[in-house]
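Just below is one structure, and these are the notes that go with it.
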Amino acid sequence: MAARLAEGPEIEILNDVHLNQVLFRVRGADGDGRTRTLAQRVRDGRVCWLSGTSWEDRPAVRVSVTSWRTTAADADRSAASILAAAQS
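Take the sequence shown: its letter number 33 is residue 32 in numbering that gives the first Met the number 0, and every next letter is one higher.
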């Protein structure tokens, strides 16, 4: 998921991913504002569920993959949804 998200120039991966959690934010002049609303836009699309958080006193989004039933196709579909929301 982190590798797929990192392909989007508008996404900044914030953590070293070791297992199942990815922390990211939207880059750019209004990145903080767009990051604050991104998780809700993705949830509204009903592809995956994300939570907002903060990292170093700035807004961020957290992806936590916890189900053993999550497939690579699920992760790719979720990443595509996140990348689309980050562009809007």
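Just so it is clear, CB atoms sit at the ideal spot from N, CA and C, and this is done for glycine as well.
With residue i as the anchor, note down where its beta strand (DSSP E) starts and where it stops.
i   : result
L22 : 20-25
S66 : Where S66 is concerned, there is no enclosing beta strand (DSSP E), given that its DSSP letter is neither H nor E.
S50 : 50-54
Comparing alpha-carbon positions, which option in the options lies nearest residue i?
i   : options           : result
V16 : D43, A5, W67, Q86 : A5
S87 : R26, R33, R45     : R33
Looking at the unbroken alpha helix (DSSP H) that takes in residue i, where does it start and where does it end?
i   : result
A38 : 30-43
What does a CB cutoff of less than 6 Å around residue i pick up in its chain, not counting 5 residues either side in sequence?
i   : result
A78 : M0, R3, L4
I believe residue i touches residue j by the beta-carbon criterion, under 8 Å. Please report the beta-carbon distance rounded to the nearest angstrom.
i   : j   : result
R24 : V60 : 7 Å
A72 : R40 : Actually they are not in contact, since the Cβ atoms of A72 and R40 sit about 21 Å apart, beyond 8 Å.
R68 : V46 : The Cβ separation is near 15 Å, so there is no contact.
Drop a sphere of 10 angstroms on the beta-carbon of residue i, count the other beta-carbons inside from all chains shown, and report buried for 16 or more, exposed for fewer.
i   : result
L18 : exposed
A38 : buried
Within the same chain, show all residues whose beta-carbon is closer than 7 Å to that of residue i, passing over the 5 residues directly before and after it, in chain order.
i   : result
L13 : L22, F23, R24, W54, A59
R57 : R24, D31
Note down, in chain order, each residue of its chain lying with its Cβ closer than 8 Å to the Cβ of residue i, except the 5 sequence neighbours on either side.
i   : result
T65 : N19
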